[in-house]
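Trainee: Positions 12 to 580 (the working numbering) are the ones given, in order, by the sequence shown.
For glycine and all other residues, C-beta sits at the position ideal for the given N, C-alpha and C.
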Amino acid sequence: MKFSEYTYKRPNIEEVSNKVIEIANAISQSNSLDESISLIKKAEEITNHFQTMATLCSIRNSINTEDEFYKAEQEFFDENTPTYQNATTKYASALVNSPLRANLEEVYGTQWFKILELNLKSFDEKITEELIAESKLVTEYSKLLASAKIEFDGKINNLSQMTVYTNSSDRNVRKEATKKIAEFMTSIEDKVDDIYDKLVHVRDKMAKKMGYDNYIPFGYIRLGRSDYDAAMVKSYRDQVYETIVPIAKDIIAHQAARIGISDFKSYDIPLFYNDGNPTPNKDKDTLVKKAYEMYSEISPETKEFFKFMMDNELMDLETKPNKQGGGYCTIIADYKAPFIFSNFNGTMGDVDVLTHEAGHAFECYTATKNLPISDLYWPTLEACEIHSMSMEFFAHPYMDKFFDNDAAKYRFKHLAEAITFIPYGVCVDDFQHYVYENPDISPAKRKAYWHEIEAKYTPWKNFDGIEYYQRGNWWQRQSHIFGTAFYYIDYTLAQVCAFQFLILNHENHKNAWETYYNLCKMGGSKSFTGLLKAISFKNPFEAGYLKSIMPNVCKVLSELEDDYSKLKK
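1) Please classify S109 as buried or exposed, where buried requires at least 16 other C-beta atoms within 10 Å of its C-beta.
2) Is it the case that the Cβ atoms of K412 and M243 are separated by a distance below 8 Å?
3) Just to check my reading of the structure: L542 and F404 have Cβ atoms closer than 8 Å, yes? What is that Cβ distance to the nearest angstrom?
4) Quick one: using the 10 Å Cβ neighbour count with 16 as the cut-off for buried, is F7 buried or exposed?
5) Excluding sequence positions up to five away, which residues of its chain have a Cβ less than 7 Å from the Cβ of N356?
6) Mind checking A509: buried by the 16 CB within 10 Å criterion, or exposed?
7) Per the DSSP calculation, Y339 is bridged to which residue(s)?
8) With respect to the beta strand (DSSP E) encompassing I167, which residues constitute its N-terminal and C-terminal limits?
9) For M12, count neighbouring C-beta atoms within 10 Å of its own C-beta (all shown protein chains included) and say buried if the count is 16 or more, exposed if not.
10) I need the DSSP call for F163, collapsed to helix, strand or coil.
11) How many Å lie between E396 and S547 at the Cα?
12) What are the boundary residues of the alpha helix (DSSP H) that includes D249?
13) Count the other CB atoms, across all protein chains shown, that sit within 10 Å of the CB of F350; report buried if there are 16 or more and exposed otherwise.
14) Counting only C-beta atoms, is S171 closer than 8 Å to chain C at any point?
15) R488: buried (16+ other C-beta within 10 angstroms of its C-beta) or exposed?
16) For the segment 471-482 and the segment 272-287, state whether three or more C-beta atom pairs, one from each stretch, are separated by less than 8 Å.
17) Where F539 and V507 are concerned, what is the direct C-alpha to C-alpha distance, given to the nearest angstrom?
18) Does DSSP put M400 in a helix, in a strand, or in coil?
19) Going straight from the alpha carbon of E518 to that of M400, what length do you get?
20) Return yes when the C-beta of F319 is under 7 Å from any heavy atom of the ligand FMN, and no when it is not.
21) Spell out the partners DSSP gives D327 in its beta bridges.
22) With DSSP collapsed to three states, give me the class of G230.
23) Return the CA-CA distance between Y255 and E90, expressed in angstroms with no decimal places.
24) Tell me which residue opens and which closes the alpha helix (DSSP H) that W581 is part of.
25) Measure from the alpha carbon of M196 to the alpha carbon of each residue in I161, L426, S179 and D215, then state which is nearest.
26) Hey, K30 and I57 are a contact pair by Cβ (cut 8 Å); roughly how many whole angstroms apart?
Shown next, in the form of structure tokens:
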């Protein structure tokens, strides 16, 4: 069945919630394992259907943020989901406190019960008002950025469409496009400050209502982090500063020399090659066709998966007016169907979507076939990103399909930027820890701190007098800071784990793919560090982790640079 044929009907929140509570009560009183398993299956049907409706609404709203019907439906979910969440909390409590818990753990695994316990710690009826406010503020932020109508090159562009110009090989075009984006962001700067200030205070308030000193430990619980804390993350950020920042500085210095710019500015960062970045120069349908060819060659499993995605039209890829920015992958539970959303804009990022988001989708597609509970389809977020980022590396040998003679340029640029991204990722995390430790500071002080740590982690950034960025505003475009606090560090944790797949794939492709496929099959059945242990991977929180892997990563980078240099000759 195609995505367009999936029927949406607004769920009756009260009816759904009552059914879930009835099941919770029955589980609490049950002394029969078979009966409890039957009740869990029934609960799965009910909750999956509710989530399916919520997801269909969210996807269709993000495809067109001005669609009045789905705009109203999204407001309905923003308002009413906490009521449903109250019912699922009672269900989680019944499972955690079931007299048959030990038996149920044998059937479903211990990780599900750890997740349920964290869910219980992250929700209570007393924070319903704050959860509703949080959801509305995040929606307001998304709509504000989606409203961009930037006049440039004789066209009206949204933020995603401006990427073509910020990636231009013409330096003046890059500079002027960057200034135009800054003009738009300046026009909404105060509104964004206000939204974020309200978000910080709403989150701080809910954490204090739940008995925490500030939002940080509560935010970790909401993310399902069961095996590491803020102190371990701080230690990891220090590793990045000590080990990766010097490597990244060197990569940027080489880039400046390669493109022949002595006064290197922030708007030069997107240009990796003097003759222009690799671009696919293919329309959406051709890119999807080439992706199918690639996945058909990688493995029988990836071929089956991508055919399912194509046949059921489970991808909305092209940018258009009023479409939400960015990209994501989600699951439509009733159909066990992943969905990929993105904004193609004619850059190499279009290909990254077909590897990164498809990595998420492949993991989820695989997990639905192997795991009985939808809570286990995805692992926690930092583990999710291992699937997506590793798939980008598994796709390296097939880049000729997308870039023709520029494939070597793509591979070198892709790995170099994977490394230089990491300091920025930890900068975002450092910023958020500071903000939530000091929720009452002014927007100006937040910006001053961002400016300070931006210079620490990304010292190569020079904004050439563009005031909006020089005032410490870059973070305002980082949607994760608004949507899911503390999530962004997960990309860096996953990236440094994906580097292990990069190295393994260069040594033994068969072993690397089997390890990756096994990781996908496990879904969320183990914690982040538990999954790493299960596939015999190192843990990035271990002291010296980055010092141990980065020499091999740099070796691969050097080989890719050699491939590019040979191509030039």
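Mentor: In brief:
1) buried
2) no
3) With a Cβ gap of about 18 Å, L542 and F404 do not count as contacting.
4) Because the chain spans 12 through 580 in this model, residue 7 falls outside it and cannot be assessed.
5) S171, Q172, T174, V175 and T330
6) buried
7) F352
8) K166 to N168
9) exposed
10) strand
11) 18 Å
12) A241 to Q250
13) buried
14) Judged by its chain identifiers, the structure shown contains no chain C, having just a single protein chain.
15) exposed
16) yes
17) 13 Å
18) helix
19) 18 Å
20) As far as ligands go, the structure on display features none, and thus does not contain the ligand FMN.
21) F352
22) helix
23) According to the sequence provided, residue 255 is Ile. The question's Tyr does not apply to it. When rounded, the distance between both Cα atoms is 43 Å.
24) The displayed coordinates of the chain run from 12 to 580. Any statement about residue 581 would go beyond what the structure contains.
25) I161
26) 5 Å
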